[in-house]
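Protein sequences, first through last, are from chains F and Z.
Per the UniProt record's numbering, the very first residue in the first sequence carries number 1; after that it's consecutive.
Per the UniProt record's numbering, the very first residue in the second sequence carries number 1; after that it's consecutive.
Every residue gets a Cβ at the ideal spot worked out from N, C-alpha and C, and that includes glycine.
Since we're looking at a predicted model, the values are computed, not measured.
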Amino acid sequence: MTGDYNFAYLDEQTKRMIRRTLLKALAIPGYQVPFGGREMPLAYGWGTGGIQVTASVIGPRDVLKVIDQGADDTTNAVSIRRFFERVADVATTEKTTDATIIQTRHRVPEANLVEGQILVYQVPQPEPLRRLEPRETETRKMHAYGEYGLMQVKLYEDIAQFGHIATTYDYPVIVNGRYLTAPSPIPKFDNPKMQDNPAIQLFGAGREKRIYAIPPYTTVKSLDFDDHPFTVQRWDGACALCGATDSYLDEVVLDDRGKRMFVCSDTDYCGQRRAAGHVGEQPDMDDALEPEAR
Amino acid sequence: MYVAVKGGERAILNSHKLVAEERRGDPAVPELGLAQITEQFRLAVDRVMNEGSVYDPELAALALKQAQGDSIEAIFLLRAYRTTLPRIAVSRPIETAEMAVRRRVSAAYKDMPGGQVLGPTYDYTHRLLDFALAAEGETVPEAEQAASPLPETMLPVLDILSHEGLIEEEVADREGEPVFDVTRDPMSFPAGRDQRLQNLARGDEGFVLGLAYSTTRGYGGSHPFVGELRMGEVSVEIVPEELGFPIDIGDITVTECQMINQFKGSAEKPPQFTRGYGLSFGHCERKAMAMSLVDRALRCKELGEDALYPAQDDEFVLSHTDNVEAVGFVTHFKLPHYVDFQAELELVRKMRAEQARVEPQEAAE
C-alpha cells in the first residue's frame, strides 16, 4: 500500500527538511539540531523521531530491521516494522548483518556493525542535562560554552553517596570531544559500542523535535573520573539458551518463588549462536517454565 | 514460549479486530453516521478540529467515530492525517470585526453599539438531566427571530477603550511579515506571541483551562474582565500569487475572546488595561477564554512584571500544552522497559549488598 500515501509516509519536502537536518547533525557530531518534527500516525514517545529519520533515509532497496529491547518480536518493534512494510514496501529482516537500516529502542545490537549500515535510535529525551536543568534556554547555553560541570558534579555526588556512579542507562557521553550527548536509554553496557563504530548512528527525538548524529569512526567517551573509571554491567552467569557470556542479559521470572533465568536481550544474536551450535544450560525455555506459568 | 515477549504480531492483529468490535458495539443498534456526529455532536467536533488543527467537520466526525468518541484519540488521528496534507496557501488574517455574529457578550459594558447577543449558550440553562431527550423523537422548539437583523459590522468592544487610550494599542498590522508556524517549526524560546498563541490555540483544553484557573486564584494575580466574547462565521481569504487580489475560499466558525486585564503601569508605561487574546475554531468558549487568560499571563516579561507562577513561564506552559505529545509520552511507559529495568535491578541489588556488608560492621563497632 504505497498508493494512498507517499513512499515512506512523509511527503518529499518534509524528507528533504529532515535530510538537511541529518547532514547538519553529522557535521556537528553530538549537537542536537532542532527540526520541524511532524505528527506521525504512531504516538509520540513510541518512536516517532526514529520513524521520521528512518522514513527520510530509507529507499526501496533498503533492508530494514526494527528492534525494541534488543528483540525483533516485541510488540512496538513489530508495529513499526509493519508500518514500513505498509508505507514503504521494503524488505525487512531480523538478521543484524543483513540489514542496511536498523531502528532501535533501548539497545545497540551485539553483532558488530559495518560500514554502510545505519543505526537509528529512538530518543525520548535528547537533552542529557534536562533532569538537572529543565530550561531549554539554559541548557543551550551550557552546550554552547561546553559547560558540563553540572553533570560531573551529579556523577561525583553519586560516588560520594554510593561509592559508585548510579546511572545505569542513558549514561552521558562526550561525542567527538565536544558535545555532551544522551545515548538514549540504552544500558551503559552498550556505550562502548558507540565508540569508533563503522556505521552511521542517527538519533531522532520526535516529541522534542531534535535530531543528532554520530558519524562513523567518531570518539564517544562515557563520562567518568580518573579514580572511578567507566565500567559496564557484568553478569555472573551466561545466557541460559545459548551460553553467551558477552551479551546483555534479560532476567526472566519463571515462577512466583524467585526462580529465574537469564537470556540474551538481543534475540538475533542469541539465535545466531544457537544456530552455530552453542548451547546454554537450559536451551529450551518452555521446559524451564512451570506448567501453570506457560 | 513465554507470551509476554513472543507473538507480538498476531496479538496486534487480533487487538485491532477487538477494537473494531468494541467500536461497533451491539450490531442490533444502528451504526452512527458521520452526519449524525457533525449535526448532533457539534461541540465535540469543534474541539477535535481545534486541537487537531484542521477545520473539517466531516474528518473530525470520522475521527470521533473511529475513536469511539474519545476526543484526544480523535485529535491524534486528525493530526496524523494533517501531516500528509500539502500547504497550498497562507490565508489573510481573518477579520473578526466583520463576523456574522451569532453570539456576542461583554462583561465590561452593559450595552454597546450592536448590543449584547446571547445566542446559543448553555450558560443559563439549569444543568438538569432532561429525561425527555432519552425518549427519542423530540420536537425542537423554534427560537424567535429578532425584528431586524444584526448589523453587518460590530466594532470590537475593546475599541471603545482604546479610543480613550485606556487600553494598550493592539499590535500594528503585520500582514505579509513572516509568522511563526507551530506546525512546521520546532518551538524556540523565548517564544514570540505568534508562537504562543498558536501553541495555546491547539493546546489541550483541560490543561489550558487549569492554567487559566490558577492565574485567577493566587498563582498569577490576574484580574480579568471579559471585554468581549463573540462567536460566528468569518470568511477566509487567500491571495493567489497569479491573481494578486484576495479571493474568498469559504466561511469558518470561530470563537474569539478579548480579555481585559489590569496593569499598574511601569517606569515606561502609564497605568492602563492590557489585553489577553483567545481564538478557537468552532464554538469553544471555554477554550478561547482560558487561552486569553494564559496569553495575558505569558506576557509578563514584555510588560515588565515578575514571572513568579507556572502560568507565566513560557517554557513550562508551551512545552506541555500539546495533548498529542503528552499522551504519547505518558502512555509510552507501558512499552517494555525491561532492558533499563534490568540495569536498575542490578544496581539496586548491588547497593543493597554493599549496605548489608557495611551495616553488620557498624553494629559490631
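Extent of the continuous alpha helix (DSSP H) to which residue i belongs
i: residue 193/F; result: 191-194
i: residue 19/Z; result: 8-24
i: residue 330/Z; result: 323-331
i: residue 21/F; result: 12-27
i: residue 57/Z; result: 57-66
i: residue 270/F; result: 267-275
i: residue 269/Z; result: Per DSSP, residue 269/Z belongs to no alpha helix (DSSP H) and is neither H nor E.
Terminal residues of the beta strand (DSSP E) in which residue i lies
i: residue 141/F; result: Not the beta strand (DSSP E): residue 141/F falls in the alpha helix (DSSP H), residues 136-144.
i: residue 39/Z; result: Premise fails: residue 39/Z lies in the alpha helix (DSSP H), 34-40, not in any beta strand (DSSP E).
i: residue 261/Z; result: 247-261
i: residue 214/Z; result: That residue, residue 214/Z, is in no beta strand (DSSP E); its alpha helix (DSSP H) goes 205-216.
i: residue 276/Z; result: 274-281
i: residue 149/F; result: Looking at the DSSP string, residue 149/F is not in any beta strand (DSSP E); the run it does join, the alpha helix (DSSP H), is 149-162.
Test item: CB-CB of residue i and residue j under 7 Å
i: residue 50/F; j: residue 122/F; result: yes
i: residue 243/F; j: residue 280/F; result: yes
i: residue 207/F; j: residue 32/F; result: no
i: residue 51/Z; j: residue 202/Z; result: yes
i: residue 258/Z; j: residue 227/Z; result: yes
i: residue 77/Z; j: residue 61/Z; result: no
i: residue 256/Z; j: residue 275/Z; result: no
i: residue 29/F; j: residue 120/F; result: no
i: residue 127/F; j: residue 137/F; result: no
i: residue 97/F; j: residue 109/F; result: no
i: residue 34/F; j: residue 186/Z; result: yes
i: residue 115/Z; j: residue 151/Z; result: no
Contact list for residue i against chain Z, beta-carbon separation under 8 Å
i: residue 201/F; result: In chain order: nothing, as chain Z lies at least about 18 Å away.
i: residue 250/F; result: 338, 339, 342
i: residue 40/F; result: 80, 83
i: residue 78/F; result: 8, 9, 12
i: residue 68/F; result: 335, 336
Residue i versus residue j - alpha carbon distance
i: residue 260/F; j: residue 180/F; result: 37 Å
i: residue 266/F; j: residue 134/Z; result: 57 Å
i: residue 238/Z; j: residue 95/Z; result: 13 Å
i: residue 314/F; j: residue 79/F; result: Nothing in the structure corresponds to residue 314/F, since chain F is present only between 1 and 294.
i: residue 357/Z; j: residue 351/Z; result: 10 Å
i: residue 18/F; j: residue 266/Z; result: 45 Å
i: residue 161/Z; j: residue 148/Z; result: 28 Å
i: residue 4/Z; j: residue 4/F; result: Low per-residue confidence applies at residue 4/Z: pLDDT is 44, beneath 50, and the placement is therefore not dependable enough to give any value.
i: residue 294/F; j: residue 258/F; result: Caution is warranted here: a pLDDT of 42 is assigned to residue 294/F, below 50, making its placement in the model unreliable, and no coordinate value can be reported.
i: residue 177/F; j: residue 221/F; result: 8 Å
i: residue 60/F; j: residue 38/F; result: 22 Å
i: residue 264/F; j: residue 155/F; result: 29 Å
i: residue 249/F; j: residue 190/F; result: 12 Å
i: residue 308/Z; j: residue 182/F; result: 31 Å
i: residue 209/Z; j: residue 70/Z; result: 19 Å
i: residue 142/Z; j: residue 53/Z; result: 33 Å
i: residue 144/F; j: residue 224/F; result: 21 Å
i: residue 12/Z; j: residue 19/Z; result: 11 Å
i: residue 131/F; j: residue 147/F; result: 16 Å
i: residue 22/Z; j: residue 47/Z; result: 23 Å
For residue i, the nearest candidate out of the options (CA to CA)
i: residue 101/F; options: 151/F, 66/F, 13/F, 24/F; result: 66/F
i: residue 336/Z; options: 76/F, 4/F, 72/F, 136/F; result: 76/F
i: residue 310/Z; options: 304/Z, 297/Z, 68/Z, 301/Z; result: 297/Z
i: residue 203/F; options: 107/F, 157/F, 189/F; result: 107/F
i: residue 34/Z; options: 23/Z, 65/Z, 288/Z; result: 65/Z
i: residue 84/Z; options: 210/Z, 183/Z, 322/Z; result: 183/Z
i: residue 74/F; options: 12/F, 145/F, 227/F, 105/F; result: 105/F
i: residue 25/F; options: 201/F, 219/F, 275/F; result: 201/F
i: residue 45/Z; options: 16/Z, 75/Z, 31/Z, 251/Z; result: 75/Z
i: residue 322/Z; options: 200/Z, 117/Z, 116/Z; result: 200/Z
i: residue 172/F; options: 164/F, 163/F, 186/F, 161/F; result: 186/F
i: residue 153/Z; options: 97/Z, 216/Z, 81/Z; result: 97/Z
i: residue 247/F; options: 227/F, 58/F, 268/F; result: 268/F
Contacts that residue i makes with chain Z (C-beta to C-beta distance below 7 Å)
i: residue 136/F; result: 189, 315
i: residue 185/F; result: 340
i: residue 260/F; result: Here the premise fails: no neighbours, minimum Cβ distance about 11 Å.
i: residue 265/F; result: 339
Contacts that residue i makes with chain F (C-beta to C-beta distance below 8 Å)
i: residue 346/Z; result: 168, 233
i: residue 320/Z; result: The premise fails here: residue 320/Z is roughly 11 Å from chain F at the closest Cβ pair, so nothing lies under 8 Å.
beta-carbon residue i near the ligand FMN non-hydrogen atom, thresh 6 Å
i: residue 102/F; result: In the structure shown, the ligand FMN is absent, as is every other ligand, since no ligand is present at all.
7 Å Cβ cutoff, residue i in contact with chain C
i: residue 184/Z; result: Within the model displayed, chain C is absent; protein chains F and Z are what it includes.
Beta-carbon neighbours of residue i, restricted to chain F and to distances below 9 Å
i: residue 86/Z; result: 11, 13
i: residue 297/Z; result: Chain F residues near residue 297/Z: none, gap ~18 Å exceeds 9 Å.
i: residue 154/Z; result: Those within 9 Å of residue 154/Z in chain F number zero; the least Cβ separation is about 36 Å.
Closer than 7 Å at the beta carbon, the chain F residues around residue i
i: residue 325/Z; result: 44, 207
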